[in-house]
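Shown next, in structure tokens, is the structure this report addresses.
Numbering (mature numbering (1 follows the signal peptide of the UniProt record, and there is no 0)), first residue to last: -20 to -1, 1 to 534.
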């Protein structure tokens, strides 16, 4: 959940879908164009075929870090990457990518781990800090110090603190509940202001990288007179759990400290003790009451846990410290996000069962059941969902398509998380069914009949009543597959000289002289052929009508 997602999918080029996994690792700060992995070799892709495919990057809206070189099949860095910038304190910095290959279609998921290098030294917020301690403070008292920060991880991160020698103080390093190390000074010998009014110590933070890097700060301890009692908190550690949707201005808790002195020395002021600036923008502490309130909306996905050090300081300058541990509880506040990676439309109507039509992923930034997403599509359609690895889905054909029945589909994809109540989102996949030539032409009649008087003028239309004599066929396909041309078939040359058939309209015309006394009728076959080559046939019968064109002879 903490890992940063890439980022990008590389679309190389529909059919059977296969899933695969690629894993690479590279150190951070590698220069632009640096080699990451040999994708072509690892996936068994042939370079000649790879080069012939139309390849482009499918951008999901996040930063792109890698590109695929089709000439050699290598995955390389688009630019230099700083692990601390893209992953902050995440222990394992992983960038994910997807490679989609067509013909046949395969989806490969890959990840590149960005390895940390020791490119940061531990550093303190201030080069010098001041600590005031009463000379009456009893030995054994603890004084928290401001911690150093090192954005590296593992052995390259902050590993230890050291303090310059002192007969009055020793250094103790505690491991916090947040996994960080916190330095504290322990007073081991009573102070005497008249003997030494100030002490200067050097605190050094080191990592364990190669080479070892370090950072230092000077601690100036001022010994103050009088005021022999420091404030004491009622608890050494305060714990509370807050829902992440709690309103800004809500009360977190109240810390309390008492001081056994009297008068001004017993007046206690509360404050945060050197907490990170980003925490200081999230919480506010009332210096008089010790009440802590939220001043910025919490976000479980960004911070699950806060460890704050609070200070109680009296008017005489003595102080004590306590910890406030705030655990943030996740609520279902993120709607599942549907990311459409690829939709193959139009879909040929003769597409085999199980063919992948679309690929998409779902993401939910919540955790636990709140982040578990279930997907579904509109029922009653010839498609089904298949889940691959993680939250990737493919929509495949579950029934044979027929464009002549349904030419378009609007498939609604719904994603619902496991929260209570669940949050939902949806996306619509618009699919057009592509025609294939699966329907032959059909004539309106199997047999056409007409009557025509002899001696008709050449070029005249053959009539059926008052209408032109025309053969007509229809085709349920579309486009060129539905374009029909007409022609006589199996016709003698002597008949062909008497009649013509318009290949586009199907009109039948007379082109030569007709003589009833020579032939009383004609019957020919007509063929209708569509643009895909499918044919249909019909018969045409034309009766010749006698006219009184001969005188009697003796």
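Even for Gly, the Cβ is constructed at its ideal location relative to N, Cα and C.
Where residue i sits in the DSSP three-state scheme
i: residue 98; result: coil
i: residue 258; result: helix
i: residue 67; result: helix
i: residue 297; result: coil
i: residue 90; result: strand
i: residue 391; result: strand
i: residue 446; result: The pLDDT assigned to residue 446 is 46, lower than 50, so where the model puts this residue is not dependable, and the model offers no usable value.
i: residue 155; result: strand
i: residue 536; result: Nothing about residue 536 can be reported from this structure: the residues present for the chain run from -20 to 534 only.
i: residue 345; result: coil
i: residue -18; result: Any reading at residue -18 needs caution, since the residue's pLDDT is 38, under 50, leaving its predicted position unreliable; the model's value is listed next. Residue -18: coil per DSSP, three-state reduction.
i: residue 246; result: helix
i: residue 233; result: strand
i: residue 290; result: strand
i: residue 380; result: coil
i: residue 361; result: coil
i: residue 238; result: strand
i: residue 397; result: strand
i: residue 2; result: strand
Beta-bridge pairing of residue i - partner residues as DSSP gives them
i: residue 49; result: 54
i: residue 508; result: 466, 516
i: residue 76; result: 91
i: residue 423; result: 453
i: residue 410; result: 390
i: residue 140; result: 186
i: residue 530; result: Answer by DSSP bridge pairing: none, since residue 530 is not bridged.
i: residue 180; result: 200
i: residue 167; result: 149
i: residue 323; result: 338
i: residue 474; result: Its beta-bridge partners do not exist; DSSP assigns none.
Among the options, nearest to residue i - alpha-carbon criterion
i: residue 451; options: 400, 517, 406; result: 517
i: residue 240; options: 198, 68, 220, 299; result: 299
i: residue 44; options: 58, 53, 281, 51; result: 58
i: residue 17; options: 8, 47, 1, 54; result: 54
i: residue 333; options: 382, 341, 355; result: 382
i: residue 309; options: 498, 226, 77; result: 226
i: residue 488; options: 103, 289, 506, 148; result: 506
i: residue 19; options: 497, 235, 2, 172; result: 2
i: residue 390; options: 62, 337, 74; result: 337
i: residue 11; options: 222, 60, 134, 26; result: 60
Sequence-distant residues of the same chain with beta carbon closer than 8 Å to residue i, five excluded per side
i: residue 118; result: 167, 170
i: residue 14; result: 6, 56, 57
i: residue 531; result: none
i: residue 229; result: 273, 274, 275
i: residue 513; result: 417
Close Cβ partners of residue i (< 6 Å) along its chain, the five nearest in sequence each way excluded
i: residue 325; result: 411, 412
i: residue 110; result: 200
i: residue 262; result: 276
i: residue 95; result: 5, 7
i: residue 395; result: 316, 318, 342, 353, 355, 405
Cβ separation of residue i and residue j, assumed to be a contact under 8 Å, to the nearest whole Å
i: residue 114; j: residue 204; result: 5 Å
i: residue 274; j: residue 232; result: 6 Å
i: residue 453; j: residue 423; result: 5 Å
i: residue 92; j: residue 46; result: 7 Å
i: residue 164; j: residue 154; result: 6 Å
i: residue 428; j: residue 519; result: 7 Å
Beta-carbon contacts of residue i that lie in its chain and below 7 Å, excluding the five residues immediately before and after
i: residue 292; result: 211, 213, 237, 248, 250, 299, 300
i: residue 407; result: 318, 320, 393
i: residue 279; result: 224
Any non-hydrogen atom of the ligand ZN within 7 Å of residue i CB
i: residue 286; result: This structure simply doesn't include the ligand ZN, nor any ligand for that matter.
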